[in-house]
Amino acid sequence: MRLASDPMLEHVSESPPDSSEPDGGPLLGDRYRLDEVLGRGGMATVHRAHDVLLGRDVAVKVFPAVHADADDLLRNRAEIRVLATLSHPGLVTLHDAGTVHGDDGSEQVYLVMELVAGPTLAERLRDGALDVDQTARVGRDVASALATVHERDIIHRDIKPANILLTSADALDTTRRRGEPAVKLADFGIARLADATRLTMTGMTLGTMSYLSPEQATGVELGPSSDVYGLGLVLLECATGRPAFTGTMAEVMTARLVTAPEVPLDLDPRLGDLLSRMTRIDPQERPDAGEVAHGMAAILAGSTGETLVLPVAETQATADPTPAETRVAPAAAPAGEPGTQTAAVPTPGRWARSTRTALVGGAVVLLAGGTLLISQLAGGGGTTPTDPPSYPAVEGAVGEALTTLQKSVEP
Numbered sequence: 001m002r003l004a005s006d007p008m009l010e011h012v013s014e015s016p017p018d019s020s021e022p023d024g025g026p027l028l029g030d031r032y033r034l035d036e037v038l039g040r041g042g043m044a045t046v047h048r049a050h051d052v053l054l055g056r057d058v059a060v061k062v063f064p065a066v067h068a069d070a071d072d073l074l075r076n077r078a079e080i081r082v083l084a085t086l087s088h089p090g091l092v093t094l095h096d097a098g099t100v101h102g103d104d105g106s107e108q109v110y111l112v113m114e115l116v117a118g119p120t121l122a123e124r125l126r127d128g129a130l131d132v133d134q135t136a137r138v139g140r141d142v143a144s145a146l147a148t149v150h151e152r153d154i155i156h157r158d159i160k161p162a163n164i165l166l167t168s169a170d171a172l173d174t175t176r177r178r179g180e181p182a183v184k185l186a187d188f189g190i191a192r193l194a195d196a197t198r199l200t201m202t203g204m205t206l207g208t209m210s211y212l213s214p215e216q217a218t219g220v221e222l223g224p225s226s227d228v229y230g231l232g233l234v235l236l237e238c239a240t241g242r243p244a245f246t247g248t249m250a251e252v253m254t255a256r257l258v259t260a261p262e263v264p265l266d267l268d269p270r271l272g273d274l275l276s277r278m279t280r281i282d283p284q285e286r287p288d289a290g291e292v293a294h295g296m297a298a299i300l301a302g303s304t305g306e307t308l309v310l311p312v313a314e315t316q317a318t319a320d321p322t323p324a325e326t327r328v329a330p331a332a333a334p335a336g337e338p339g340t341q342t343a344a345v346p347t348p349g350r351w352a353r354s355t356r357t358a359l360v361g362g363a364v365v366l367l368a369g370g371t372l373l374i375s376q377l378a379g380g381g382g383t384t385p386t387d388p389p390s391y392p393a394v395e396g397a398v399g400e401a402l403t404t405l406q407k408s409v410e411p
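The opening position of the sequence shown corresponds to residue 1 in UniProt numbering, with each subsequent residue numbered one higher.
Take a look at the structure:
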């Protein structure tokens, strides 16, 4: 299968009259002149570029050249399909897409997206923690975008500070105009339809380690609540200035399976309660993205007096008979009471008992695997050591579990 045969990926833009090499630089797709690199990841490189046809600056995401039957190419095509179906002020807009064909039969996909002027949230957090209002702005905008994404049965799967873009350098410090987001959610490179076939090997985990949900850490089926958990970890880092889970890979992976992240007691109680519910281990106990958006909007409305209007999904009927296209966020619900439900897709009921069992089983497997690996390394690849092996110290619940497992496998 050749990617270029898919109309979604054909270069559909008209080439400019003279597109050879304006300003001494080659054009991508006879239209886009690539400038400096804005970001580089394991799957693609993002450039600032200039659209010589429309005379505007854009961001161009260029994937590595691969052959037409490679899984990477299928994943790239999937990202284009995902982005092409989405429209929301809090999502980075896809303008164009195309392919470059190599002489060796390889194909290189590129995406042309809106250029967001501000830094990433990861860059902003290098300057320290955010205050309550700033954290709530991030939460409101990302959750509102996720509500739209989830309504289309799409899961982002990689919610992290580097994938959240500030619309300007001071976007979190100013009162936003009605409906204007302070941040935008980017990079749907590993997103997939909720019921789609995986494009990776069975059991392979995609996502950034520090922000994985318990479901992702164990490789079980994902629902929209996985994104809510990831956003909860991001917002907790915004509020505290440090990641919720730290340590070695094994510690980071297993900690979230046995305990919820610690929410500081001195955090604003409205924000703290919402973050606690977002980061519960059981996916069914988390609020949906729409509820999170309304909760964050209520925090802002109560503290700053901002008038906040959240979009209502076009294809989802609501119980509110008001004919308006938008709905003003309600006041925050008292602790322990359910918040206002919105158009985000609810977590499927099939999550219940089977998922909890899978998470517990996954924790045991990860812990046992870590202990076995340590034992093998200490034992010289299977030979019985003369002296008792020395294991690294691990604190907390994970350390206690590892100690128990260690004793159970020692002769």
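Cβ coordinates follow ideal geometry from the N, Cα and C atoms, glycine included.
query                                                                                                                                                           : result
Give a single yes or no on whether Pro181 has its beta carbon closer than 7 Å to a heavy atom of the ligand NAP.                                                : No copy of the ligand NAP appears in this structure; indeed no ligand is present at all.
Based on Cα-Cα distance, which residue from Gly232, Asp35, Arg270, Leu130 lies nearest to Lys160?                                                               : Gly232
Straight-line CA distance for Ala147 to Val252?                                                                                                                 : 28 Å
Can you look up Leu53 in the DSSP assignment and give me helix, strand or coil?                                                                                 : coil
Can you look up His156 in the DSSP assignment and give me helix, strand or coil?                                                                                : coil
Which residue marks the beginning of the beta strand (DSSP E) containing Asp227, and which one marks its end?                                                   : Run containing Asp227: none in the beta strand (DSSP E); it sits in the alpha helix (DSSP H), 225–240.
Mind checking Ala129: buried by the 16 CB within 10 Å criterion, or exposed?                                                                                    : exposed
Let me check one thing: in DSSP terms, what residues is Gly102 bridge-paired to?                                                                                : Beta-bridge pairing links Gly102 to no other residue.
Taking the C-alpha atoms as reference points, what is the distance between Glu221 and Arg75?                                                                    : 18 Å
Straight-line CA distance for His67 to Arg277?                                                                                                                  : 44 Å
For the putative contact between Leu271 and Ala136, defined by C-beta atoms under 8 Å, what is the C-beta separation to the nearest angstrom?                   : 7 Å
Output yes or no for whether 8 Å exceeds the beta carbon distance between Gly29 and Gly102.                                                                     : no
Can you tell me whether DSSP reads His88 as helix, strand or coil?                                                                                              : coil
Put Gly399 into one of helix, strand or coil per three-state DSSP.                                                                                              : For Gly399, the pLDDT reaches just 49, beneath the cut-off of 50, and the residue's location in the model is therefore unreliable, leaving the point undetermined.
Determine the extent of the alpha helix (DSSP H) in which Glu151 is found, giving its start and end residues.                                                   : 132–151
Do Arg157 and Tyr229 count as a contact pair if the criterion is CB distance below 8 Å?                                                                         : no
Across which residues does DSSP place Arg40 in a beta bridge pair?                                                                                              : Thr45
What residues in its chain sit with their C-beta under 6 Å from that of Gly247, if we drop five residues either side in the sequence?                           : none
Flag Thr93 as yes if its beta-carbon sits less than 8 Å from any beta-carbon of chain D, otherwise no.                                                          : Absence of chain D from the displayed structure is noted, only one protein chain being present.
Could you give the distance in angstroms between the alpha-carbon of Pro283 and the alpha-carbon of Val292?                                                     : 14 Å
Would Leu111 pass as a contact of Glu237 if the rule is Cβ separation under 8 Å?                                                                                : no
For Arg31, count neighbouring Cβ atoms within 10 angstroms of its own Cβ and tell me buried if that reaches 16, exposed if not.                                 : buried
Residue 413 to Pro224, Cα distance in whole Å?                                                                                                                  : Since the first residue of the chain shown is 1 and the last is 411, residue 413 is not available in this structure.
Can you look up Leu265 in the DSSP assignment and give me helix, strand or coil?                                                                                : coil
So which of Ala162, Ala49, Arg280, Lys184 has the shortest CA-CA distance to Val258?                                                                            : Arg280
By how many angstroms is the C-alpha of Arg40 removed from the C-alpha of His50?                                                                                : 19 Å
Since I believe Ala186 is in contact with Leu165 (beta carbons under 8 Å), could you give me their beta-carbon distance rounded to a whole number of angstroms? : 5 Å
Per DSSP, which one or two residues make a beta bridge with Tyr211?                                                                                             : DSSP output for Tyr211 lists no bridge partner at all.
Buried or exposed for residue 412, please, with buried defined as at least 16 other CB atoms from any protein chain shown within 10 angstroms of its CB.        : Here the chain comprises residues numbered 1 to 411, so residue 412 is not present and cannot be evaluated.
Would Ser87 be called buried (16 or more neighbouring beta carbons within 10 Å of its own) or exposed?                                                          : exposed
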